[in-house]
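*Asks:*
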Ligand code: SF4
Ligand code: SF4
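Residue numbers (our numbering), protein chains in the order written: chain A, 28 to 665; chain B, 10 to 79.
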């Protein structure tokens, strides 16, 4: 071999070695990874063409490549044991107050007046005059006819959630048609049907045809019926009483006494897809985004209220929680403890069989004895999220944490800045509701065999998280670019964000009273200054991050007048009048304290001291470290 | 017409590599079809490209890294 060839070969092999260094130095960059294979092939080719190859060398090279792929196939495809569901509960957990969740704070005025009036920017008040419960002011759920049709449907099902009121809900009970008995449920238990015949596929599994009402058989029946009614998947778990909200949103502060719901031992969760085609083609910051929520909420609600009515008619208690905001409980823990999902970086449960985050669920709480699903074995999702930060990167307002999990309210997971998220979703003037996080999550794909294989790999393989996700560099999912859609072409791109902010220097005055509920100084938003524009920087607009300039309007989105072609709405500067009033009012602390102590006002929030919560927390469940399994056992005995 | 004679003699490890290469390309084609069906053309061709790139070293060895060229 002449020197020239030798030097070429040495250079090529050195370059190949350098790609390995580049790969690790750049934090597992997909570009380095791909370049390595190209360089390796080039080096082998050049060596072969240089003519100094023996049979033995060829044999060794082939053995090397074969061995590499056999090891890779083993690492990716072997059913390695899945890690157990992580232990999220690591400290004292308090019940969550519904008025204090993001939407509660935003819509009740605790985040400022401009956010309360956000809907006036896109919908004239006259257009929805007399709409009903939500009709006082337009909001993002009353924006246009389709959202009104879909969210209006959840208002209809709200009254069908239960026949009795607990903790202020349902605010208006609507008697279910064809109910021939009074009270919470039929007094005598009458079973599935006269012949007590099981569905064929259930009978096939349990081995007999006549219903025996074992918890296992009940669970199988419920699952089959849930799927048949249209749920993507059905999960069953035992209830942890800490999941019940301490105070209610719709009735503005009614406390929920756990004694009133002690019969609710089991939870059935049903799921509706927000649909890949819609998520793929109608970007989060479009006027369509909120309709995806409305569609999935109202469909889940309809599945759940019908199933609950069946249970009540059979002689069991059943109470539905559904969205938008008609829940008695936090919803995500059900999806984790029924074994279907795990907490992801977004704080919500990622459920692989329901498109990751692309679902809206409803839950039926019941005393109908049900065998819970296996929930010890996890899905490797939390582990995967440690290596993936696509949702955090995509969030226009940096509401999703990058970095490690933190502990809040005794729960170790990632905690989203809900105030930022809500302000952006409700008040984005360029198309509300967002869903960017959901859209970019690798679990968000249609349920094809190929995607199932991907989910299998992420579940079992010890190395897949390093390949698919990547917190340090551009990862495989980034490079593949599923965001480009052939169906929507250039029209599925998000418009840059511009959202309602509070007036300069705005500072909320606490205590703030609305209905029966008091927001106190402890409830002050950590994003309050940010909400007035200080440091907001319009989220990531203009920031260069991982090679992407966020918020720059891509040329393909501009029409010939330089106007964003995706904007279906014209709006003027100063959309909201100055000095808008809050829906609630400031009340001096002495007066508030008196009313709290006399039981005329209430306040909650997991972060408040025990003495500052009215009514008092449960000593039994909200004190000390109590694991899910122990809480469930205690609740069963209530 | 003259008969066309094709003789192919491969060692077992060469056959294994050919099978691996075909497997990679089959996986790439599956990824291509699946991604096209879900309306993601960029992901489709990049997925195919990914598997082709993975198959390159094996192909380079099979076709070029052999004795008798000097
Ligand atoms: S919905 Fe939008 S604003 Fe909220 S966390 Fe997701 S990406 Fe961020
Ligand atoms: S985008 Fe990535 S980090 Fe976020 S929830 Fe999905 S898998 Fe987890």
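No residue lacks a Cβ here, since even glycine has one placed at the ideal position from N, Cα and C.
Decide yes or no for the touch test of the stretch 115-128 of chain A against the stretch 494-507 of chain A: beta carbon pairs closer than 8 Å, at least 3 of them.
*Replies:* They do not touch, by the three-pair rule.
*Asks:* Give a yes or no on whether 8 Å exceeds the smallest Cβ distance from residue 38 of chain B to chain A.
*Replies:* So no, residue 38 of chain B is outside the interface.
*Asks:* Under 5 Å, CB to any heavy atom of ligand 2. Which residues pass, going along the chain?
*Replies:* Going along the chain, the residues that qualify are A/371, A/372, A/373, A/412, A/415, A/417, A/418 and A/468.
*Asks:* Between the Cα of residue 273 of chain A and the Cα atoms of A/514, A/658 and A/633, which residue gives the shortest distance?
*Replies:* When only C-alpha atoms are compared, the closest one is A/633.
*Asks:* Which residue spans inside the stretch 511-546 of chain A form an unbroken beta strand (DSSP E) run of at least 3?
*Replies:* List check, beta strand (DSSP E) in window: 539-541 and 544-546.
*Asks:* At 8 Å on the CB atoms, spell out the chain A contacts of residue 26 of chain B, in chain order.
*Replies:* Neighbours of residue 26 of chain B on chain A, chain order: 89, 92 and 93.
*Asks:* Please report the straight-line C-alpha distance between residue 324 of chain A and residue 186 of chain A, rounded to a whole angstrom.
*Replies:* The straight-line gap from Cα to Cα measures roughly 15 Å.
*Asks:* What residue range is occupied by the uninterrupted alpha helix (DSSP H) comprising residue 300 of chain A?
*Replies:* Counting along the chain, residue 300 of chain A falls outside any alpha helix (DSSP H), though it belongs to the beta strand (DSSP E) covering 293-300.
*Asks:* Apart from the five residues on each side of it in sequence, which residues of its chain come closer than 7 Å, Cβ to Cβ, to residue 340 of chain A?
*Replies:* Only 213 meet the Cβ criterion.
*Asks:* With DSSP as the reference, identify every bridge partner of residue 439 of chain A, one or two as the case may be.
*Replies:* According to DSSP, which records beta bridges pairwise, residue 439 of chain A is partnered with A/434.
*Asks:* Across which residues does DSSP place residue 282 of chain A in a beta bridge pair?
*Replies:* According to DSSP, which records beta bridges pairwise, residue 282 of chain A is partnered with A/274.
*Asks:* How many whole angstroms separate the CB atoms of residue 610 of chain A and residue 135 of chain A, which I take to be in contact at a CB cut-off of 8 Å?
*Replies:* That pair is a contact at about 7 Å.
*Asks:* Shorter than 7 Å, the distance from the beta carbon of residue 649 of chain A to the closest heavy atom of ligand 1, or not?
*Replies:* Outside the cutoff, so no.
*Asks:* Please confirm if residue 662 of chain A has its CB atom under 8 Å from at least one CB of chain B.
*Replies:* With 8 Å as the cut-off, residue 662 of chain A does not count as an interface residue toward chain B.
*Asks:* Where does residue 201 of chain A sit, in a helix, a strand or coil, going by DSSP?
*Replies:* Coil.
*Asks:* Flag residue 158 of chain A as yes if its beta-carbon sits less than 8 Å from any beta-carbon of chain B, otherwise no.
*Replies:* Chain B contact via Cβ: absent.
*Asks:* Nearest-angstrom Cα distance between residue 462 of chain A and residue 471 of chain A?
*Replies:* Going from the Cα of residue 462 of chain A to the Cα of residue 471 of chain A covers about 11 Å.
*Asks:* Is it the case that the CB of residue 527 of chain A approaches a heavy atom of ligand 1 more closely than 7 Å?
*Replies:* No, Cβ of residue 527 of chain A sits at least 7 Å from all heavy atoms of ligand 1.
*Asks:* Would a check of beta-carbon distances place residue 49 of chain A closer than 8 Å to chain B?
*Replies:* False, the Cβ-Cβ gap to chain B never drops below 8 Å.
*Asks:* Contact criterion: CB-CB distance below 8 Å. Does residue 67 of chain A meet it with respect to chain B?
*Replies:* Interface residue, yes.
*Asks:* Taking 8 Å as the threshold (beta carbon to beta carbon), is residue 473 of chain A in contact with chain B?
*Replies:* Cβ-Cβ to chain B under 8 Å: yes for residue 473 of chain A.
*Asks:* Can you pull out the residues from the stretch 288-321 of chain A whose beta carbon lies closer than 9 Å to at least one beta carbon of chain B?
*Replies:* Result list: 303, 304, 307 and 308.
*Asks:* For residue 466 of chain A, which option in A/36, A/644, A/307 and A/231 has the closest C-alpha, if you only look at C-alpha atoms?
*Replies:* When only C-alpha atoms are compared, the closest one is A/307.
*Asks:* What residues in its chain sit with their C-beta under 6 Å from that of residue 309 of chain A, if we drop five residues either side in the sequence?
*Replies:* Correct list, in chain order: 315.
*Asks:* List the residues of chain A that residue 65 of chain B touches, going by C-beta distances under 7 Å, in chain order.
*Replies:* Chain A residues near residue 65 of chain B: 64, 65 and 68.
*Asks:* Beta strand (DSSP E) containing residue 46 of chain A: first to last residue?
*Replies:* Looking at the DSSP string, residue 46 of chain A is not in any beta strand (DSSP E); the run it does join, the alpha helix (DSSP H), is 30-52.
*Asks:* State the CB to CB distance for the pair residue 640 of chain A and residue 631 of chain A, rounded to an integer number of angstroms; the pair is presumed to be in contact (CB under 8 Å).
*Replies:* So it is a contact: roughly 6 Å between Cβ atoms.
*Asks:* On the three-state DSSP scale, how would you describe residue 364 of chain A?
*Replies:* Helix at residue 364 of chain A.
*Asks:* Does residue 43 of chain B get closer than 8 Å to chain A when you measure Cβ to Cβ?
*Replies:* Chain A contact via Cβ: present.
*Asks:* Which of helix, strand or coil does DSSP assign to residue 625 of chain A?
*Replies:* Note: residue 625 of chain A maps to coil in three-state DSSP.
*Asks:* Going along the chain, which unbroken runs of the alpha helix (DSSP H) with 4 or more residues stay wholly within the stretch 480-514 of chain A?
*Replies:* 491-495 and 503-507, all fully within the stretch 480-514 of chain A.
*Asks:* Could you check the C-alpha separation between residue 19 of chain B and residue 61 of chain A for me, to the nearest Å?
*Replies:* About 29 Å.
*Asks:* Indicate whether at least one CB of chain A lies closer than 8 Å to the CB of residue 35 of chain B.
*Replies:* Judged by the 8 Å Cβ criterion, residue 35 of chain B is not in contact with chain A.
*Asks:* Compare the Cα-Cα distances from residue 546 of chain A to each of A/500, A/558, A/531 and A/635 and report the closest residue.
*Replies:* Residue 546 of chain A has its Cα closest to that of A/635, out of A/500, A/558, A/531 and A/635.
*Asks:* Below 7 Å between beta carbons is the criterion; list the residues of the stretch 494-524 of chain A that meet it against any residue of chain B, in chain order.
*Replies:* Here the close residues are 506, 507, 508, 509, 511, 512, 513 and 514.
*Asks:* For the putative contact between residue 612 of chain A and residue 659 of chain A, defined by C-beta atoms under 8 Å, what is the C-beta separation to the nearest angstrom?
*Replies:* Rounded, the Cβ-Cβ distance is 41 Å, inconsistent with contact.
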